[in-house]
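These notes are about the structure you will find just below.
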Amino acid sequence: MPRRASAFLIGVVLFPLLALDGHSGGPLAPSAMKVRQGRLVRFLTFTGEIRAKRSVTLLSPDVRDLWTYTISYLAAEGSYVRPGDLVVQFDASELEVKRLDTEKKREEARVAIAQKEADIESRRQDLSVNLALAEKNFKVAELNASVDPSLLSRSKAEQYQLEKSKAKLEMDKATERLTNLEKGAKAELDVVRLDYEQADLDLKGLQSDLGKMTIYAPTHGLVLCNENWQSGRRFQKGDTIWDGFPLVSLPDLSEVQVLAYVHNQDYPRLRQGARAEVVLDSIPGRTFPAVVAILPQAATSYRPRSELKVFRVYFDVLEKDTSTFKPGMTARVRVPVETGAGLLVPRRAIEAGNKDQASVLTKAGNRRVPVKILQANEEEVLVEGDLQAGEELLAWSHPGNTRRRSEEDWITLRKEDLTFGVSGSGQLQAAQAVEIRPPNLRDSHRFKIASMIEEGKQVNKGDAILDFDKTEISKRLTDENANLAKVKEEREKTQASLEVQRKDLELQVEEARVEKEKAVNKLTEAREFESNLKLKTAEYEAEFATRKVEMLERKLAAVNRHAELQLKILDDRIDFYANRVKLANDALNALSIKAPIAGVVIYKPNWNNEKKQVGSDCWTMETIMTLPDLNTLLVEGQVAEVDAGKVCLGQKVTVTLDAIPEKTFEGSVTEMSTIFTEASFDRPVKVLQIKAKLGSLDLKRMRPGMVARLELIADRLRNVLAVPLSVIEVENGKSFVTVKKGDKVERRLVQLGKNNGIVAVVTSGVAEGEQVAGKPVDSAAGKAAGG
C-alpha cells in the first residue's frame, strides 16, 4: 500500500475515535513522554486452539463388502487410556451372521468330503467285486484252456480258447474301470476339498474382519473424537462412519501446537519460523513463546459446509512445561510485524486534527508541533514532523472532558467483602440409569416406533414401555417356518429312500454269504471226489465268494456312512431353520420392551436436541429413553473457558433449578473434564465440562433434564478496596485510574489483585475515601488502539 494511502487510512480510523473523547485541550498532568527513533511494530492476532504436535490417529476399519460402520461403543472423550484399553467397537452383527453362515458352509463342505469318500468307496467295492468276478472267470477259462487239446474235441478246445480271450478282455476292462475310478476319485475329492478350503479361508477372513471391529489403544493418551462432517459435531456412540475415516486421536501432549485460523489478507505477512506469542483464554495472565511451524499451501473451509475460507497455520509452542495445556483450549496468537520506520510518539501525546493531521505538545516551552500520522499500533504512532528523537512530550487533556467530569458521578472507595465466583449452566442427570434401545437383532438395524409410554410417567418393573413395528419380523417368521417344514419333509423322504437302499444292500450281502457257504461246501466235496480241474475251479469259486462278501460288507459300511452324513446335513439344516424360527420368535418378543427396573421415563434427545415419537425411525444402539435412578441425581454442567482456571475438584457450588426457583441446593465439584469442548454443535464456544454432587435431593420434584444454574465459589475476600474494571486504564502492562484530589484531577498508577469480571481488588495506589472517575480519561484512545 502507498505511504500516502496508508496514512490516510490511519487518519480515517484513528482520528474520529480520538475525537470522540474530545482530545483538543491542554495537558492533563505533567507526566512527560519521549519521542524515539525506530520501527513501528504491529501485532497480527489470530484465534485458534491447542493441539498436540504428535498424535496417533485411529481409523475406522477397512472390511470387505462393508462401506459404513455403526459405532456401538466409544470411550468417553477426554478419558485417559493405556495400551490395550478398549477405545472403539463397531456393530458386528452383520459380520456375525456371515460368520455363522460361513461356518455352516465349511461344515457342509467337510461333510461333503466325507460323503464323497463314502460314495467313492461304495463304487470302488462295486468295481472290485466286478474285477474279482472277472479274475475268477479268467482263471477258470485259463484253466480250461490249459487242458491238452488232444483230450478234447476240436470245437471244445476252440471254445475254451475263446472263453479265455473273452475272460481276459472282461478282466482288463474291469481293471481299467477300477483304475479310472482311482484316478477320477482324486479329482472328485479335490473339487469338494476346494469348496472346504475356500469356506475355511472365508471364515478366517471373517474372523480377521471381526477382530478389526474392535480397536484397542496402541499407546497411552487422552481420547479425542474427531468431527463428524455429516452432523457438524464430534463422533459419538450410534453414529455411522465410512471405512478408513479418522475417528479418534490419542495426542502426545509433551509438545503442543496452536492451530490458528488466518484470513487471506493476513496470510502473506507470515513467514516460516517467525516468532509469536500465545495467550490462553483460560490463563489470560500468561504468555507463551511460539514460532510459525507450518504454512499451508491453500485455504480450506472454516467449518463443514461453510463458505468462509481460511488458512490453517500451525504454531509450535516453545514452552517446556506443557502440564497446563489441554486439547481444545482456545488460544490467541500474536505475531509481531514490523511496518514503517521513523519517529515514534506515544498515543497519549497525540491531539487529533483533520484526517491524518495531528499535533503534539513539547515539554520544553509548551510548544505545539503539527505532525502527520503515518501508521499506529496500540501504544505508539509513527509520525512525520518537526521533532527530534529523545524530545519530551506532554499528554493532552480534554477541556470538554473536564466540564463533563464535574457533571458525572465520582466513585468513593469503601472497603467491602467480596465473593469471587464462576457462573455455569447444566442439567440434572442420573449417575445410574438404564438406557432403553432397540433390540440387537440379526439382519435388522432399522426400527420404527409403533407405541411408547409418555414421558415423565412412573413405571414399575415389567410394565410395557416401548413397541416397535413387527411387520418385517412377522413375515420373516412365516418364511422361516415354511423353510423348516420343507426341510423336515425332505429328510423324511431321504431317510425312506436310504432305508430301501440299505436293506437292498443288506440282502445282497446275505445272498453273498449264502453263495460263499455253498462255494466252500462245493470245494470240500471237490477235494474228496473231483479231478484237479474241478478242484481248481471250486477253489476259484470259493475265493471269489469270500472276496465278494468282504467287498459287499465294505460297500454296506460305506453306504451306511454316506446315509448318516446325508441325514446329518438334513438334520443340520433342520437345526439351522429351527434356530432361525427361534430367533424370529425371540425378535418378535424383543420388539416389545418392558421396564427392566422401576423408575421415571425420560426421553433421550439426539444430537439435534430432538426426541423420538411414535412413527420415528431409530437404529440399533440408539438410546430412545432412560429409566434413571433418582437417588443418584447430580448436575452435569459447563463453565466458560475463561473461567476454567478458577475451578477445582471439591469446590463448593450453589445450584438453582429453573423448575424450582425458590430453592437452592448446595454441592461440590466431583469431576472435571481433561479437555475443552464446544458447548454444542451449533455453539462453537469452548467450555469445560464438570459434574457436581448435591448434598440433598428433592426426589418429589427433581427430575433428570431439569435446567440448572451454577455458581461456583472461587474465593472470599473481606475488608478490601475494589474498583470497577470499567474505570481502569491499561498502558504498557500497567494499570491507571483517574483520582480526584480537591479541585485537581490526576492519573495514578495502581496495583490490582483478583477480579471477578466486574470489579478488581486494589492493593496499592489509592486509599479508602478517595474518589475515582467513573470511566478512564483515555477511554477513546483505548478504543483507537484496537484499530
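For the sequence shown, the tail end lands on 788 under my numbering, and the numbers increase by one without skipping.
Quick reminder that beta carbons are idealized off the backbone N, C-alpha and C, glycines included.
Please read all numbers here as calculations on a predicted model, not as lab measurements.
Secondary structure note for Arg-443: it is in no beta strand (DSSP E), with a DSSP letter that is neither H nor E. Per DSSP, the beta-bridge partners of Gln-752 are Ser-765. Contact between Ala-723 and Ala-774 does not hold, since their C-beta atoms are separated by about 15 Å, which reaches or exceeds 8 Å. Between the stretch 733-749 and the stretch 702-711, the count of Cβ pairs shorter than 8 Å is below three; the stretches do not touch.
Note: Ala-774 is bridge-paired with Trp-411 in the DSSP secondary-structure output. Inclusion of Glu-177 and Lys-117 in the CB contact set at 9 Å is not warranted, their separation being larger than that value.
Where Leu-524 is concerned, the enclosing alpha helix (DSSP H) starts and stops at 472-530. As computed with DSSP, Arg-43 is found in a beta bridge with Val-338. Boundaries of the alpha helix (DSSP H) harbouring Thr-103: 94-146, taken from the DSSP string.
With a 10 Å radius around the Cβ and a threshold of 16 neighbouring Cβ atoms, Ser-324 comes out exposed. Note on geometry: alpha-carbon atoms of Asp-203 and Thr-103 lie some 7 Å from one another. For Thr-621, no beta strand (DSSP E) encloses it, and the DSSP letter there is neither H nor E.
Membership of Arg-287 in the beta strand (DSSP E) is indicated by the continuous run 284-295.
By the C-beta density criterion, Cys-619 is buried, having at least 16 other C-beta atoms within 10 angstroms.
Spanning the alpha carbons of Glu-183 and Ser-123 requires a straight line of approximately 12 Å.
Closest by C-alpha distance to Asn-378, out of Leu-345, Lys-364, Arg-100 and Leu-650, is Leu-345. Look at Arg-710 here: in three-state DSSP terms it is strand.
Under DSSP, the beta-bridge partners assigned to Thr-331 are Glu-50. Contact annotation: Val-263 and Phe-44 have beta-carbon atoms that are not nearer than 9 Å. Runs of beta strand (DSSP E) with 3 or more residues, each lying fully within the stretch 606-686, are found at 618-620, 626-629, 634-641, 653-658 and 661-681, listed in chain order. The beta carbons of Leu-592 and Lys-449 sit about 10 Å from each other, so the pair does not count as a contact at 8 Å. Pairwise C-beta distances place the stretch 680-697 in contact with the stretch 633-642, as three or more of them are shorter than 8 Å. Under the three-pair Cβ rule at 8 Å, the stretch 363-379 does not count as touching the stretch 296-312. Assignment of Arg-447 by DSSP, reduced to helix, strand and coil, places it in the strand class. Under the DSSP assignment, Asp-572 falls in the alpha helix (DSSP H) whose first and last residues are 533-591.
Taking a contact to require three or more Cβ pairs closer than 8 Å, the stretch 243-255 and the stretch 49-60 qualify as touching. Bounds of the beta strand (DSSP E) holding Gly-425 are 417-431. Cβ contact annotation for Gly-616 (same chain, cutoff 8 Å, sequence separation greater than five): Lys-449 and Ile-450, in chain order. Non-local C-beta neighbours of Lys-167 in its own chain, meaning closer than 8 Å and more than five positions away in sequence, comprise Ala-142, ordered along the chain. Shown here, Tyr-303 sits in coil according to DSSP, grouped into three states, outside any helix or strand. Linking Leu-152 to Lys-535 through their CA atoms gives a straight-line distance of about 16 Å. For Asp-66, the secondary structure class from DSSP, reduced to helix, strand or coil, is coil. The beta-carbon distance between Val-42 and Glu-339, rounded to whole angstroms, is 6 Å. This is short enough to meet the 8 Å contact definition. Between Leu-260 and Ile-676, the beta carbon gap of about 14 Å keeps them out of contact (Cβ cut-off 8 Å).
With a cutoff of 9 Å on beta-carbon distance, Asp-240 and Leu-67 are scored as not near each other. Between the beta-carbon of Thr-624 and that of Glu-456 there is about 14 Å, and that puts the pair past the 8 Å contact cut.
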